[in-house]
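Peer 1: Residue numbers (my numbering): 896 to 1356.
Beta carbons are placed, not taken as given, at the ideal position from N, Cα and C, and that holds for glycine.
Everything numeric in this text was worked out from a predicted model, so none of it was measured.
Okay, structure coming up:
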């Protein structure tokens, strides 16, 4: 990996995230006290500030094409998405999407530069509506799923992988297929993964193969969990069935077939939601710096020293579907169907806190809980959360951080347990601090130290 840009930003509010298209990187700052946000674009090549946009509400943006941003507010402890827009990084311009009022739409994902939302304003049924980059609606499908009555805790969920969207409400579910603009009811309980000739989707107690007409191809009772938003273009329904059947006797393995590095489309997984409490409050011990005192410059390539040689120091939560099937898993273990850099395969989380890659590479999570992981590139990103004990009536503070590892499980960079503990010792109850996070966006790796306002952009060699 080559470091293309690194800078320390000072501004109003707290650094929440950064998104990029490889040419421009945009920082997102949320002022929690005033409920406002500021988005600033910088040239990756020169580091020059290009534009700044300020508006009401807290902002979350996806790492998709197009980049979809949603404004959120917290009212009486409930998170509500108030509106959605498409952000163009080259200009900083946003296009508002007519998705409906608060609590009557849910972002599903993107496919072929179309942003898809579940919408139900003014209708008795939920619709899947697609918008292009100009904000124009270009697709609409009545899913004939009853629209929820509540606008707060409505229970409507969706995940999109390639053209396939898993749609779930508290009472109904099914699979939508973009392109043909079709939908079929299926008892899905979690996300789907698009494959070459269909999709594989999570159901209660197992996984089903789904044809492009949304009909079930096969069903396997297995404890394997589908990781959201992976696209495995070299895998067919037939090969997926064989891979999962093999998983019944082998907990970790890879599918037969291509072994070349596979570079799928940009991740469609939205970044974690900001905490309603101050999420990046600086503390004296949250240095995020190298021993020289300069801004931290992590080493994805392993050519520089990592933050810690101890891989057991990682913080937070895992890629979980709505219901995690455990019919055949050993107690405390989980197996995940994923798109790896070398092709489709299974990753296992052991009850001892380890993440095991095909081939035997192991990343230890220590006492931290797994949040999610991205193993589609030669460098894997593993996100975890380390939480301190409760303080009074407030929940204990937590540190969310990333570990970079190669396919053998060798840790290239992480925060380190000692530094995480120092940050937690100076944090307030309820804080969720993000001093060391990475995320892939296409072939670009983005680093964010939200505590110290440091952003880094790395490109693959």
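(1) What is the rounded straight-line gap between the Cα of residue 1331 and the Cα of residue 981?
(2) Exposed or buried, residue 973, counting other C-beta atoms within 10 Å across all chains shown (16 or more means buried)?
(3) Decide if residue 1037 is buried, meaning its Cβ has at least 16 other Cβ atoms within 10 Å, or exposed.
(4) Sort 977, 899, 941 and 1046 by Cα distance to residue 953 and report the nearest one.
(5) How would you label residue 1047, buried or exposed, when you count the other beta carbons within 10 angstroms and need 16 or more for buried?
(6) Tell me, please, whether the region 1107 to 1119 touches the region 1246 to 1265 by the rule of three or more beta-carbon pairs shorter than 8 Å.
(7) Please work out which residues of its chain come closer than 6 Å, Cβ to Cβ, to residue 900, disregarding the five sequence neighbours upstream and downstream, and give them in chain order.
(8) Compute the distance between the beta-carbons of residue 1010 and residue 979, then report whether it is under 9 Å.
(9) Could you compute how far the alpha carbon of residue 1003 sits from the alpha carbon of residue 1053?
(10) Could you say which of 1343, 948, 1236 and 1094 lies nearest to residue 1301 if we only look at CA atoms?
(11) Residue 1052 by DSSP, collapsed to three states: which one?
(12) Kindly indicate the opening and closing residues of the alpha helix (DSSP H) around residue 1141.
(13) Just verifying my parser: in three-state terms, what is the DSSP assignment at residue 912?
(14) Helix or strand or just coil, what does DSSP make of residue 1310?
(15) Within 10 angstroms of the Cβ of residue 944, are there 16 or more other Cβ atoms? Answer buried if so, exposed if not.
(16) Just reading off the beta strand (DSSP E) that residue 1252 is part of, what are its end residues?
(17) Report the option in 1056, 1286 and 922 whose CA atom is closest to the CA atom of residue 1091.
(18) Would residue 1134 be called buried (16 or more neighbouring beta carbons within 10 Å of its own) or exposed?
(19) Give me the Cα-Cα distance between residue 998 and residue 1029, rounded to the nearest whole angstrom.
(20) Could you tell me the boundaries of the beta strand (DSSP E) in which residue 975 lies?
Peer 2: Answer, in terms of the structure:
(1) 27 Å
(2) exposed
(3) exposed
(4) 977
(5) exposed
(6) The region 1246 to 1265 and the region 1107 to 1119 do not touch, with fewer than three beta-carbon pairs separated by less than 8 Å.
(7) Excluding the 5 residues flanking it on each side, residue 900 has same chain C-beta neighbours closer than 6 Å at 939, 942 and 1352, in chain order.
(8) With respect to residue 979, residue 1010 sits close: the two C-beta atoms are nearer than 9 Å.
(9) Cα-Cα distance, rounded: 5 Å.
(10) Its Cα nearest to that of residue 1301, the residue 1236 stands out among 1343, 948, 1236 and 1094.
(11) For residue 1052, the three-state secondary structure derived from DSSP is strand.
(12) 1132 to 1142
(13) strand
(14) Here DSSP, grouped into helix, strand and coil, assigns residue 1310 to coil.
(15) exposed
(16) Counting along the chain, no beta strand (DSSP E) covers residue 1252, and no H or E run does either.
(17) Check the Cα spacing between residue 1091 and each of 1056, 1286 and 922: the tightest is with 1056.
(18) buried
(19) 23 Å
(20) 973 to 982
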